[in-house]
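Just so we're aligned, residue 3 is where the sequence shown starts under this note's numbering, counting upward by one. Positions of the beta carbon are idealized from the N, C-alpha and C atoms, including for glycine. Here the structure is a predicted model, which is why all the values come from computation and not from measurement.
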Amino acid sequence: AGPCDIYASGGTPCVAAHSTTRALFNNFSGALYQVRRGSDNATTNISPLSAGGVANATSQDSFCAQTTCLITTIFDQTGRGNHLNQAPPGGFNGPDPNGFDNLASATGAPVILGGHKAYGVFISPGTGYRNNTASGTAKGDAAQGMYAVFDGTHFNGGCCFDYGNAETSSRDTGNGHMEAIYFGSSTTWGTGSGNGPWIMADLENGLFSGSNVHLNSGDQTINDRFVTAVVKGQPGNWAIRGGNAASGSLTTFWNGPRPSVSGYNPMSKEGAIILGIGGDNSNGAQGTFYEGVMTSGFPSDATENSVQANIVDAGYATTSLTSGPALTVGSSISFRATTACCTTRFIAHTGSAVNTQVVDSSSNTTLKQQASWSVRTGLGNSACFSFESRDTPGSFIRHFNFVLVVNANDGSKEFSEDATFCPQAGLNGQGNTIKSWNYPTRAFRHFDNNLFAASNGGVHYFDAPAQYNDDASFVISAGFA
Ligand code: AHR
Ligand code: AHR
């Protein structure tokens, strides 16, 4: 059985079921999600390998070979048509044209599930999915249950990495107009014990870790690599539960009355569905989603415990975040451009600016050092890499407003993540494409001899699709110095 078969047996059927990694019903063999590739904007649907099974990631890999792919739609598996698409503007605009949010990279969150490769949905700040015309989801004070599986190591304090029930207008229409799962380390409203991240409920104008928005120490920090997060609500009562999605059982972090502040009892749920954003399209948060559902009715703890056992059985495990020619931590390297214009140019820096310069064995020592980089374990994720300047130890290549710069490591979470890159096989067949860890739609790209974290198409001039594959492929060799 799948999670939605278990919820149905418990009398609380799924009214929305989303996953890019697997079927959530035993008999589901339809499309799980759709991807769009950069080379010709063609789309394809990705389905399970067999009914009830893991997504066919190999079909995605073939379709996306030597180009980039975005996740355009996450299909609803319940048959109700509650699909998730690119989120429109609301109280806040997204970064894409007309205020839409960004779409996620189709390859930002590779994972192994039951021995098969699959891809989750890696939400960078600015990314979001939504359905403002969902049917069958809870409205008003009606009961609902939800669970989602997240990457417990990918989060931030921004508002709001959510999955669940929200406003149909993409605007903040008041307390109690949402009931979604939140995951992250925001301290603006509620907090739990430890430093976070926490599972909280986004009930609009507040992330709740318990009765009201303050410290509720029962809501424990939970940062397993794979986290099961549960939020459920019914008239006068709601609960938070969570656990390690790869082993063990769920713990109840809160189960009690609705908040005492006006507007939350009774609730005024509107029934739209959000992923990766807040109810008003706040889009400053990050996180990774693998699977999740919304139910009709308040699931029993026993039903949720069976769903947790099903998730553990599914077998979430990690896989490599890199591909192509391998890098060695501790080595000194150079990056040679492969675009026809520029094959004698190497990534170098002039002060904090990162550019390309013509360098060869007869160049002076200063230039050789400027064009050489020490490979370090990724500051923000040890499965990837950071690049430390040879002539300015302690300074690393990072992106800032998607421009690459060399800056001193200030020790912040943001610096670490902005300075972490996951090399892939080169998009043009040569060398490596150096993907950003925290914005996996983006990679090192030279444009007018300056370096950017660029996407293949997008709102910045340096995102131009022409020559993207060549501009974003670099041959890595021994450093000059
Ligand atoms: O409740 C927290 C956030 O507050 C909601 O997600 C958003 O709509 C509002 O800004
Ligand atoms: O480069 C994109 C973002 O710009 C970085 O993550 C952040 O540090 C800056 O605001």
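By the three-class DSSP mapping on this structure, what secondary structure does residue i have?
i      : result
Pro112 : strand
Glu1   : Past the boundaries of the shown model lies residue 1; the chain is included only from 3 to 483, so the question cannot be answered.
Cys71  : strand
Val360 : strand
Val314 : helix
Lys370 : helix
Gly101 : helix
Cys16  : strand
Thr394 : coil
Tyr131 : strand
Glu169 : coil
Ser219 : strand
Tyr463 : helix
Thr23  : coil
Asn458 : coil
Ala328 : coil
Ser52  : coil
Glu306 : helix
Ala319 : strand
Ala342 : helix
Distance check for residue j and residue i, CA to CA, integer angstroms please.
i      : j      : result
His351 : Asp393 : 10 Å
Val171 : Gly413 : Here residue 171 turns out to be Ser, not Val, going by the sequence shown. Rounded to the nearest angstrom, the two C-alpha atoms are 39 Å apart.
Gly208 : Met202 : 10 Å
Asn285 : Val360 : 40 Å
Asp153 : Asn451 : 36 Å
Ala287 : Gly244 : 20 Å
Phe398 : Gly380 : 11 Å
Ala455 : Phe124 : 17 Å
Thr223 : Gln236 : 25 Å
Gly122 : Thr155 : 14 Å
Gly117 : Gly317 : 8 Å
Asn471 : Trp200 : 39 Å
Gly250 : Ala231 : 13 Å
Asn440 : Phe255 : 29 Å
Asn47  : Val37  : 6 Å
Gly178 : Gly265 : 5 Å
Gly353 : Gly196 : 39 Å
Thr367 : Ala466 : 34 Å
Phe228 : Ile183 : 15 Å
Ala385 : Gly212 : 35 Å
Cys6   : Ile313 : 11 Å
Pro15  : Thr23  : 20 Å
Val263 : Trp240 : 15 Å
Ser364 : Cys344 : 18 Å
Do residue i and residue j have their CB atoms nearer than 8 Å?
i      : j      : result
Gly54  : Asn29  : yes
Asn411 : Phe417 : yes
Ala25  : Gly4   : yes
Phe446 : Phe476 : yes
Gly326 : Ala427 : yes
Gly142 : Met296 : no
Gly128 : Pro97  : yes
Asn133 : Asn84  : yes
Phe528 : Ala373 : The structure shown has nothing for residue 528, since the chain only spans 3 to 483.
Thr358 : His448 : yes
Leu34  : Phe77  : yes
Arg378 : Phe387 : yes
Phe291 : Ala108 : no
Tyr165 : Gly294 : yes
Ala19  : Thr80  : yes
Gly110 : Pro425 : no
Would you give the residue range spanned by the beta strand (DSSP E) that residue i belongs to?
i      : result
Gln426 : 423-427
Glu206 : Here Glu206 belongs to no beta strand (DSSP E), and DSSP marks it neither H nor E.
Leu406 : 405-410
Gln288 : Run containing Gln288: none; DSSP gives neither H nor E here.
Asn434 : 434-438
Ala480 : 476-480
Lys234 : 229-236
Leu86  : 86-88
Ala150 : 146-152
Phe446 : 444-449
Specify, as a first and last residue, the run of the alpha helix (DSSP H) that residue i falls within.
i      : result
Cys6   : 5-11
Glu419 : 415-420
Gln62  : 59-65
Tyr470 : 470-473
Given 8 Å as the limit, is there contact between the segment 432-452 and the segment 291-306, that is, 3 or more CB pairs closer than that?
no
At a cut of 8 Å, does the segment 131-146 reach the segment 271-281 through at least three beta carbon pairs?
yes
Per the contact definition of three or more C-beta pairs closer than 8 Å, is the segment 333-343 in contact with the segment 465-483?
yes
Check whether the segment 187-196 touches the segment 305-325, taking contact to mean three or more Cβ pairs, one atom from each stretch, closer than 8 Å.
no
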